[in-house]
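Structure representation (structure tokens):
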């Protein structure tokens, strides 16, 4: 029986997600420039974050959708909602893995922010600061729905992920990788695909409807990314 572990599908997915994050870093530089955003976050960054989120998810879709790697076929669907979001989440990510009659679906929620500061401290350590007066409330709102809630921070260094519970615990509405645990986007999606991350209840919302967009509307998010991995039968 084919399993994810004995294929090259995971490394391929991680590589493509990593490239998408690098593409987004280029957009951050082009759209924002090298100016520090301190003092302008409230007026500028929410719109930029929404636009960057759309670019990021579409880039992942364009790289993964329809690919067949080591007996694993990928289908990817993106969703974008124009209305005000409901639960404070910019993004819902869904991963469905199917092997014949067996399947598992799980998900996460995320709030997207643009970094106000970003610098590389070493080859493996970054210093990133982000947040605004809304982030604390947004994290609490997400956590009421799911413990699998995160903050995605966009910067010239790519995409970095911090647990929403960390932000909620600090009570300051901010992210600072000097004190907060974080992962880069490629590592985050690798662990999501390996099933170390993900909420089955969010996946159940996706499974129970016929149309993917209906699930994302029910979740009340601004953007959705659904990845389905079908394992070839032997």
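In my numbering, the protein residues as written are 85 to 318. Ideal placement from N, C-alpha and C gives every residue a C-beta, glycine not left out. Just so we're clear, the structure is a prediction, and the values are computed from it rather than from any experiment.
Taking the C-alpha atoms as reference points, what is the distance between residue 196 and residue 95?
As a position in the chain shown, residue 196 is number 112, starting the count at 1. As a position in the chain shown, residue 95 is number 11, starting the count at 1. Pairing residue 196 with residue 95, the inter-Cα distance amounts to about 25 angstroms.
Going by the DSSP bridge assignment, what does residue 291 pair with across the sheet?
Here residue 291 corresponds to residue number 207 of the chain shown, with the count starting at 1. DSSP lists no bridge partner for residue 291.
Could you tell me which residues DSSP pairs with residue 307 in its beta bridges?
If you number the chain shown from 1, residue 307 lands on position 223. Its beta-bridge partners are 164 and 175.
Looking only at its own chain, which residues have a Cβ that is under 7 angstroms from the Cβ of residue 183, when we skip the five neighbours before and after it?
Locating residue 183 in the chain shown gives position 99, where the first residue counts as 1. These residues qualify, in order along the chain: 315.
Give a yes or no on whether the C-beta atoms belonging to residue 219 and residue 255 are separated by under 8 angstroms.
Indexing the chain shown from 1 puts residue 219 at position 135. Indexing the chain shown from 1 puts residue 255 at position 171. No, Cβ-Cβ distance for residue 219 and residue 255 is not below 8 angstroms.
Looking at C-beta atoms only, is the number of pairs between the segment 206-219 and the segment 145-162 that lie closer than 8 angstroms three or more?
Of all C-beta pairs linking the segment 206-219 to the segment 145-162, fewer than three are shorter than 8 angstroms, placing the two stretches out of contact.
Using DSSP with H/G/I as helix, E/B as strand and the rest coil, what is residue 264?
The sequence position of residue 264 within the chain shown is 180, counting from 1. Here residue 264 carries a coil assignment [DSSP, helix/strand/coil].
Which residue from 192, 93 and 179 puts its Cα closest to that of residue 303?
To locate residue 303, count along the chain shown from 1; it is residue 219. Just measuring C-alpha positions, the residue of 192, 93 and 179 sitting nearest residue 303 is 192.
Measuring straight from C-alpha to C-alpha, what distance separates residue 201 and residue 155?
The residue given as residue 201 occupies position 117 in the chain shown. The residue given as residue 155 occupies position 71 in the chain shown. Going from the Cα of residue 201 to the Cα of residue 155 covers about 42 angstroms.
Enumerated in chain order, which unbroken segments of the alpha helix (DSSP H) with a length of 4 residues or greater are wholly contained in the segment 200-238?
Segments of the alpha helix (DSSP H) lying fully in the segment 200-238: 219-229.
How should residue 279 be labelled, buried or exposed, when 16 other C-beta atoms within 10 angstroms of its C-beta is the threshold for buried?
Taking the chain shown and counting its residues from 1, one reaches residue 279 at position 195. Residue environment for residue 279: exposed (fewer than 16 other C-beta atoms within 10 angstroms of its C-beta).
Answer with buried or exposed for residue 177, where buried requires no fewer than 16 other C-beta atoms within 10 angstroms of its C-beta.
Translated into positions along the chain shown, residue 177 becomes position 93. In this structure residue 177 is buried. Its beta-carbon is surrounded by 16 or more other beta-carbon atoms within 10 angstroms.
Is residue 242 near residue 277, with beta carbons less than 8 angstroms apart?
On the chain shown, position 158 is the one that residue 242 refers to. On the chain shown, position 193 is the one that residue 277 refers to. For residue 242 and residue 277, no; Cβs fall outside 8 angstroms.
So if DSSP puts residue 195 in a beta bridge, which residue, or which two residues, is it bridged to?
Position 111 of the chain shown, counted from the first residue, corresponds to residue 195. Note: residue 195 sits in a beta bridge opposite 235.
Buried versus exposed call for residue 307 [16 or more other C-beta atoms within 10 Å across all chains shown]:
Along the chain shown, read from residue 1 onward, the residue named residue 307 stands at position 223. With 16 or more other Cβ atoms from the protein chains shown falling within 10 Å of its own Cβ, residue 307 counts as buried.
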